[in-house]
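Since the structure comes first, as structure tokens, the remarks are kept for the end.
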Amino acid sequence: MGNIQSLMEYDFRKIETYWQKRWKEDRVYAVSNESSKPKHYVLDMFPYPSGAGLHVGHPLGYIASDIYSRYKRLKGYNVLHPMGFDSFGLPAEQYALETGQHPAETTKKNIATFKRQLDKIGFCYDWSREVQTSDPRYYKWTQWIFLQLFNSYFCNTQQKARPISDLVKKYETTGSKHFTAEEWKGFSEKEKGDWLMKRRLAFSAYGEVNWCEALGTVLANDEVVNGVSERGGFPVEKRKMRQWFLRITAYADRLLEGLEKVDFSDAMKEMQKNWIGRSEGAEIEFAVGDSQSAVSEVPLKLRVYTTRPDTIFGVDFMVIAPEHELVEQITTTEQKEAIDKYLAYVKSRSDRERQAETKTITGCFTGAYAVNPFDGRAIPIWTAEYVLAGYGTGAIMAVPCGDQRDFLFAKHFGIPITNIIGGHYNGDEANPTKEAVLENSGFLNGLLMKDAIGIAVNKIEEMGIGKRKVNYKMRDAGFSRQRYWGEPFPIIWNDGIAIPLDAEELPLELPHVDKYGPGPEGEGPLANLKEWVYLTTDSFKHTSGAVEHSVDLTPNPSPKERGMKEHPGYMNSTVEEWKKTIAFARQNRKEPTEAEAIMWSELRNRKIKDFKFRRQHPVAGYIPDFICLEKSLIVEIDGEYHNQEEQRKFDQGREAWLLENGFTMIRFSNQEVLGDINSVLITIEYALLQDESRPGTGSHSPLPWRGAGGEVKRETSTMPGYAGSSWYFLRFMDPNNTETFCDRKISDYWNQVDLYVGGTEHAVGHLLYSRMWTKVMFDLGLISFDEPFRKLLNQGMIQGSSRFVYRLKDDINRFVSFGLKEKYDAVDIHVDVNLVDGVELNMEEFRKWKPEFAEAEFILEDGKYICGSEVEKMSKSKYNTVNPDELCNKYGADTFRMYEMFLGPVEQSKPWDTKGIEGVHRFLRKLWRLFFDEVKGKIWTEDKATDAELKILHRTIKKIEEDTERFSFNTAVSSFMICVNDLADLKCHKREVLEKLLILLTPYAPHIAEELWQHLGNTGTVLDSKYPVYDPLLLVESTKEYPVSINGKLRTTINLSLDLDQQQVEGSVLQNEVVQKWLEGKTPKKIIYVKGKMVNVVI
RNA sequence: GCCCAUGUGGCGGAAUUGGUAGACGCAGCAGACUCAAAAUCUGCCGUUCGCAAGGGCGUGAAGGUUCGAUUCCUUUCGUGGGCACCA
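Quick note: the first sequence uses the working numbering, first residue 39, plus one each step.
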């Protein structure tokens, strides 16, 4: 391994390349699912592989988790530390819109770049477990889990998810509060579907979206700025569209309770609690009239939610959300025009704007009044943007003396304010107290507000005008996106009834598209693929006219002994009949013949030239034994009954129909398959490759003519980014399983993620969703734990430190230095931070950077061009990104890893500054010199270590272990530096000390540690060694240099034995010169002595 | 606006339960080695008054609790993150 000459210097490039290759070859990071060691699961939040590649901000958390994983491994754990990619998402689609490159292509490229960059830093990922959410082998299971959500409901009695079939049974036997069992049985399919949809955990309903007419698409809140689209500046308005949702609100209480048993930071728990926003209060109904006196003829009710029913007598007006359906119904003719104008204004405002702007108060009177049920007072009903439709009932009762927002509103519009809290209200601002004694409050007069809350609710319930209610700020999670690059929903709409695909039909692969624009009605791009979307013959004909067929060609049903002979025609089969077909197919799968079983083991999992086969997969009413949809090739295995005359006739009819509809069929007999499977396979392979031009039905499941009668079409939305990332931690445990999302035994073994590392930006999105999914899967008995992440470590963001040059407005080739810019009229321009040393611009490089700067001239200060600087998000567009590759090339991965950690606490955000990396690099070189001398070569010795040397070592072992355990990696790096400095001072080159130090260092700087470990003559990787144990006896001190303060101010120090008692200490302290000087002859009032800490003399 | 985090030398930061503020590193200054450079090593390095000894001030700001506060409490300002279709 190299000659002595090359060993004298720390040649990190050679060392790191060598070991990265060796580790890969030796598969040292492969993790087994079976081990006698205790398990530990360390996970990083899924990266999105952006086109910009990795910048120095990304690896911060990855380095931290890598250090921890290696540390745990040295401590004797079986450590799972995988990495994969959250590869569906909007940026790739956006990029496709701009450049026409397919997201699959760009995503593939980006992932390759990410992996190359990650490997350069020397992470210990088990790449054999890599998963990508956009891989059909992965999203097959995302879709499968979605179907579990779809097929489940939240049982309020048991407070858990249960199969929807249980609910159906209940409806069939006992009905519900809305209908009797008899009524249920009489419902149409559509009615039944609608009722069930109200309970499913994944359900479809109408939801509001930001609609941009000009772009014909739905926009994210981010993409809407000041009511217009960020791209193009087109107007945006709220619009209702059919969407999928996850019923996360059903889990609100359990998500709150679950926080008790996880180790997240208080801040994180706080954010989740606030997001869920549980409040207890009452829902109250008010009668509505259209004038101050008369209640309208049609009895309208206004329902409001309030947490303060005790203030009911202080209600001076009502506010309903502008979207509220009542607005239209109650607005009086006089107010109609004003209201219409106001609604138009509100439509253009985003939710965030509506809440953020409290300075400008807007609102409009509807002309209608509500009636206070207790004193009959008429209360004017207003609508205002500060009340959002999604919260509570979308209506509030306003109590200006107790709520500041209501107060300001009342003042602004001159609504008289009723004071119900006497002296607690001063007329200048509202007072939200619960401690006041109520006045002007009818039956509540004289009560303390907090006592009145319960009494008021009781009365309201008694009167039947309202009820106690727990409310959540959290809304059900929108789960569909009108986008292309995401998981397709395994759902077919048949006359408005959502029909799930069968599990065997998954994955429903995302079809290829060439255009990424929105569909005709603002749907996702998939809506443009007519032949993919429409599944009925009729609708197919309407849209493309491509397929003609006659009802006479209706094929024979499945073999008669399977009981399908009497089955009616498929073309017009009802949903019920179709379900029956599916059931038959499922049954068939469970009972394969011997030949079928053999054939399936050969065809499944893309064993033939990567062609995907399905078995017993219905095509119309016909269920082929095996089918390759991509090639429309059917493989049949015929048993004895095919020799019967009648059956042969059926077969022929069926085959003719299939051929006419573009399918090919090969038939084998049982004997052929059992006798010579190889030649059978060759025949199939030949057929697959033979006709390249065959159009096929695409790789997706065609499911033609499912159901019938009206429009039968696929769901064209796709799932959002968090679908794939809500359960990926489970897939890493068993990434290649084709039978299930994750084998139960394996998920029982790995269990929860022990350490989850990622940014706080995921606090309420991803983390809540994956917690919910985990709970559902737990309820359904799919896994054995109901919280995914046991401990969470938040990683701060590394910000960019941007640099600016200042270009004169009137002379675009002249640039003025930062200190002089005030004297000129100049504009700031981002300059690439890599062209700047600190703040000093490299002018030569700058001229070369862009052609427009080639002729640049500079106005200097002190002969230098000084740049301005600002801390911003690290982003390519701001030219402030720093690429980890370059740093690894220049200083090595070990230096880079340690420097990232040395920057400060992982949890904290900080701007990146490459300066300072030198110091860490110097440390590693200094370490190297403990082993090798420039002239003498190797210099380590086998001598016995002295007490002083052992003390340094053991102090370091203790410190590094403690710091690593509490994720204080920056102080650990400092401790390494101190240790090496101390050992160098003592000229300690003893193997006894150095070898242990290398093990400590392995998690932080794996390459250099491994290299030196091997030089010391060890075989096998240092990762398999045992973590040293520190000996407390070596660290015992007998004396301490005590700080002595007078009145809390440090004046001197005294060296004292550690086992002195208070009296002895007082004696020594009082004799001290400095203390006597400060005492000026007085007697101290008190002497405080904290053993081992300090002494304070109080005068 | 609401929720969360955060603020310490020229810079990144340390001070683990309220107990010696500024560890460690960068930058800077002075020196050694060298023909020179690099590398390495040694010393200084919050601020202010003072020849020195020694003292004053100092953890965003103001107030409080305490023998003692960077640490706890109240108020306030600045910065960063999130606010439901970016991931």
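For glycine and all other residues, C-beta sits at the position ideal for the given N, C-alpha and C.
Taking Cβ to Cβ, would you say residue i is nearer than 9 Å to residue j?
i, j, result
"residue 828", "residue 874", "no"
"residue 123", "residue 152", "yes"
"residue 756", "residue 179", "no"
"residue 1029", "residue 980", "yes"
"residue 187", "residue 205", "no"
"residue 274", "residue 249", "yes"
"residue 223", "residue 210", "yes"
"residue 969", "residue 1045", "no"
"residue 833", "residue 795", "yes"
"residue 365", "residue 377", "yes"
"residue 773", "residue 111", "no"
Three-state secondary structure (DSSP) at residue i?
i, result
"residue 370", "coil"
"residue 1077", "strand"
"residue 448", "helix"
"residue 214", "coil"
"residue 418", "strand"
"residue 1136", "strand"
"residue 680", "helix"
"residue 67", "coil"
"residue 1213", "Outside the modelled stretch of the chain, which goes from 39 to 1137, sits residue 1213, for which no answer is possible."
"residue 379", "helix"
"residue 697", "helix"
"residue 430", "coil"
"residue 344", "strand"
"residue 256", "strand"
Pick out whichever of the options has its Cα sitting closest to the Cα of residue i.
i, options, result
"residue 101", "88, 89, 80, 115", "80"
"residue 445", "975, 862, 758, 354", "354"
"residue 203", "879, 818, 991", "818"
"residue 1022", "327, 991, 995, 1000", "991"
"residue 704", "157, 687, 683, 669", "669"
"residue 965", "664, 1033, 564, 402", "1033"
"residue 810", "780, 782, 763", "763"
"residue 315", "505, 531, 287", "287"
"residue 109", "1017, 278, 1001, 359", "1001"
"residue 285", "345, 1094, 379, 813", "813"
"residue 357", "348, 347, 341, 371", "341"
With residue i as the anchor, note down where its alpha helix (DSSP H) starts and where it stops.
i, result
"residue 810", "804–817"
"residue 1017", "1007–1023"
"residue 1052", "1044–1053"
"residue 314", "304–314"
"residue 837", "Careful: residue 837 lies outside any alpha helix (DSSP H), inside the beta strand (DSSP E) at 836–846."
"residue 359", "Neither: residue 359 is in no alpha helix (DSSP H) and is coded neither H nor E."
"residue 88", "Note, residue 88: premise wrong, no alpha helix (DSSP H); not H, not E."
"residue 509", "Run containing residue 509: none in the alpha helix (DSSP H); it sits in the beta strand (DSSP E), 504–510."
"residue 224", "219–224"
"residue 992", "985–1003"
Looking at the secondary structure, which residues open and close the beta strand (DSSP E) in which residue i lies?
i, result
"residue 435", "433–436"
"residue 408", "402–409"
"residue 702", "702–707"
"residue 1190", "This structure does not reach residue 1190, given that the chain is present from 39 up to 1137, and the question cannot be answered."
For residue i, count the other beta carbons within 10 Å of its own beta carbon; 16 or more makes it buried, fewer makes it exposed. Which is it?
i, result
"residue 692", "buried"
"residue 143", "exposed"
"residue 1066", "buried"
"residue 496", "exposed"
"residue 759", "buried"
"residue 1058", "exposed"
"residue 1137", "exposed"
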